[in-house]
Every structure is written in structure tokens, then in C-alpha cells.
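So for the sequence shown, this note's numbering puts the first residue at 22; every next one is plus one.
Even for Gly, the Cβ is constructed at its ideal location relative to N, Cα and C.
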Amino acid sequence: MGALSKKLLLGSAMAVALVAGSAGALMAQNKPVIATVVKISGIPWFDRMETGVKLFQKENPDVVATQYGPATADAAQQLQIVTDLVAKGVNGLAVVPMDPSVLEGTLKRAMDRGIIVVTHEADNQKNTHADVEAFDNADYGKALNERLAQCMGGKGKWTTFVGSLGSRTHMQWVGAGEANAKNHPDMVLVDANNESFDDANATYEKAKEILRKHPDIKGFQTSAGNDVLGVGRAIDEAGLSGKVCLVGTGLPNPSADLLESGAITAIGFWDPQKAGMAMNSVAKSLIAGKKIEDGANLGVPGYEKVKVTKGPGEGVLIIGNGMVLADKNNYKEYLF
Numbered sequence: 022m023g024a025l026s027k028k029l030l031l032g033s034a035m036a037v038a039l040v041a042g043s044a045g046a047l048m049a050q051n052k053p054v055i056a057t058v059v060k061i062s063g064i065p066w067f068d069r070m071e072t073g074v075k076l077f078q079k080e081n082p083d084v085v086a087t088q089y090g091p092a093t094a095d096a097a098q099q100l101q102i103v104t105d106l107v108a109k110g111v112n113g114l115a116v117v118p119m120d121p122s123v124l125e126g127t128l129k130r131a132m133d134r135g136i137i138v139v140t141h142e143a144d145n146q147k148n149t150h151a152d153v154e155a156f157d158n159a160d161y162g163k164a165l166n167e168r169l170a171q172c173m174g175g176k177g178k179w180t181t182f183v184g185s186l187g188s189r190t191h192m193q194w195v196g197a198g199e200a201n202a203k204n205h206p207d208m209v210l211v212d213a214n215n216e217s218f219d220d221a222n223a224t225y226e227k228a229k230e231i232l233r234k235h236p237d238i239k240g241f242q243t244s245a246g247n248d249v250l251g252v253g254r255a256i257d258e259a260g261l262s263g264k265v266c267l268v269g270t271g272l273p274n275p276s277a278d279l280l281e282s283g284a285i286t287a288i289g290f291w292d293p294q295k296a297g298m299a300m301n302s303v304a305k306s307l308i309a310g311k312k313i314e315d316g317a318n319l320g321v322p323g324y325e326k327v328k329v330t331k332g333p334g335e336g337v338l339i340i341g342n343g344m345v346l347a348d349k350n351n352y353k354e355y356l357f
């Protein structure tokens, strides 16, 4: 038995308990059911996404929109939740995959059963009708890195963090960051692609280890929503706020104190609320048999004129314009 199978067995009871009762009750209603499945429940990023799912439900009473996610950032637990929802026969799945490759088989079965599949943060997902991205991922990774380079004065050691090596978007962002850093030949990448699994405490410990190993390090580029909190705390406690640069994906409210102290230089983000609404909007349209054409307005800020291209499978890639970079000077404009 492989490690994934063992994890799946361990996580399955918990995952099924999360969805069995509620999904069963939902299916009894005579409305299309769209189930959003996130990487992990109970963290600010996906709590914010859930506000979008609930708002979509409120604005679209002709569908039933709900959100589920595993208690930990574990691809096997997420797979079990998706598998159970497919078995329940939901009409649409809106999934933010922890690892797109792990879900391919189950999403194919869902599509074969006539379930509409929409993904997010997974532009390499083959078995999806549509993948919705807030922006071009290479542009985002480059923007984060250029802000980091600006803070570092274009020189010194820097490193990267990702939620997991299987996380498609995170690897794209740091890959684009590495490519951009080549424009700054005095920037030296060390110990790249540290996996955080979106755990702020584990990231804090890893960042402390890197600061000990490389006392002259000048920069961190991070990817998962909690990474800036863990790395920022390590920088702050080491008395290096304003001396070591930190630019990464994060949300304004959780990052506020560390932005104010200078431990976090800048955060990049898109509003997960709007992404949740965009995914559900696409799912609702596809369930109704409508196509999403290039230039379409999804009725969600940042997705008013989307770019639509062919995806890696039979589906389409839908790209919005929802990128935001914020620092100490302007983060209060985006408090969530």
C-alpha cells in the first residue's frame, strides 16, 4: 500500500463525516447543488472564500452553494471529500486542489457522470470543464519577486517557500520569481522551495532554521497564505524587521501587525471571496448549458472581462484581472 493510500484510509472517516450528512440533505432539494471544496478549512484564506460562496448563494437562490474542506492540508483527505460528493451526485464541483494530479481520476469520474467540474489554482488540471485563475500566474510570481528585489537592492541571498511541491500555482510563482531574479545577477537563491503545508508554526520553525544557517540572508518569497505569518514572526523575533525582506501571498488583516513592524515587506493576493464567487458563477452557467466566451463578464469584481483559452484537457482556462500588491502604506485599503 502506498503512502497516499495509507493517508487516504486514515483521513477517510473524518472526511466522510464532514460531508455525508450535509450533502445528503442538500441533494434532497430540487435545485442544482454546487459544492466548493478547498485545500483546508479553518484558515483565513479559505474562511474568506466561504464568505464568497455564501454571498453567491444569497444572490442566487435558484442554486444551493456550500463549501467543504479537510481539517489539514492533505491531498488524500481532500480526495476523499471530493469522492464522497461525487457519490452523492452533486451537480457541480468547484475545487481548489491541494495537488491537481491526485484528483484527476476522481474528477474524470465526476465528469463522466455529468457533474460540472470547475477548478481554481490548477491551470494544469486536465479533467475539468473550466479552470478559473485570478490572474496570469507567471505575471504574479514575477511581480512578487520584483518587489522583493526592490527591497533587497537587487543583491544578497534569498529563498522560497511553497505550500507543497505538488501545488501547481505555488511552483509557477516561485519559478517565475527565479526567472525574474536572473535580471538581478547579485541575487543568490539558497535552499529553495521549502514546503510549508500552509502551517504558520511549521513555517516559523523552518524560517528560524534558515536564518541560523544563512545569517546573511536578505530575502524570502513565500506562496501559501500562512507562510508570511510564520516567516514574518521569525524575522520579527530575530530583530531583523526591516533588515530582511519578505514578500509573499497573504491577506491584509492577518498580516497587519507584521506589515506595521516591517517584518513583512509586502503581500500579494487576490480576494478569495471573489474567486469563490467566480468559480460558482462559472459552474452555474455550465450547469445551465451556457458557454463561457472570451471577454465574458462573470458578474464578479476582477472577473468582468475574462480571457478564455483552451485548457490542457477538454476544458477551458479562464483568467481574470484580480492581482493586488499591498504594503504598509496601502494595505488598509483591502482589510479582510
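| Asked | Found |
| --- | --- |
| Cβ-based burial, L232 [other Cβ within 10 Å; buried from 16] | buried |
| Coil, strand or helix - Q146 by DSSP | coil |
| Beta-carbon spacing of K52, V103 below 8 angstroms | no |
| Three-way DSSP call (helix, strand, coil) for F67 in this model | helix |
| Which listed residue (L261, A213 and F241) has its alpha carbon closest to that of A287 | F241 |
| Other residues of its chain near V116: CB distance less than 6 angstroms, five sequence neighbours each side excluded | V58 and T140 |
| Through-space distance from S282 to G263, alpha-carbon basis | 8 angstroms |
| For Y355, three-class secondary structure by DSSP | helix |
| Outcome for T330 when other beta-carbon atoms lying within 10 angstroms are tallied against a minimum of 16 | exposed |
| Member of E71, F357 and K239 whose CA lies at the smallest distance from the CA of A277 | F357 |
| For D9, three-class secondary structure by DSSP | With the chain represented from 22 up to 357, any question about residue 9 goes unanswered, as that position is not in the structure. |
| V195 beta carbon less than 8 angstroms from that of S244 | yes |
| Assigned secondary structure, D278 (DSSP; H/G/I helix, E/B strand, else coil) | helix |
| Every unbroken alpha helix (DSSP H) within the stretch 205-241, with a cutoff of 4 residues, ordered by chain | 221-234 |
| Under 8 angstroms between C-beta atoms of L280 and K349 | yes |
| Any non-hydrogen atom of the ligand NAD closer than 7 angstroms to V268 Cβ | Within the structure as shown, the ligand NAD is missing, as the structure has no ligands at all. |
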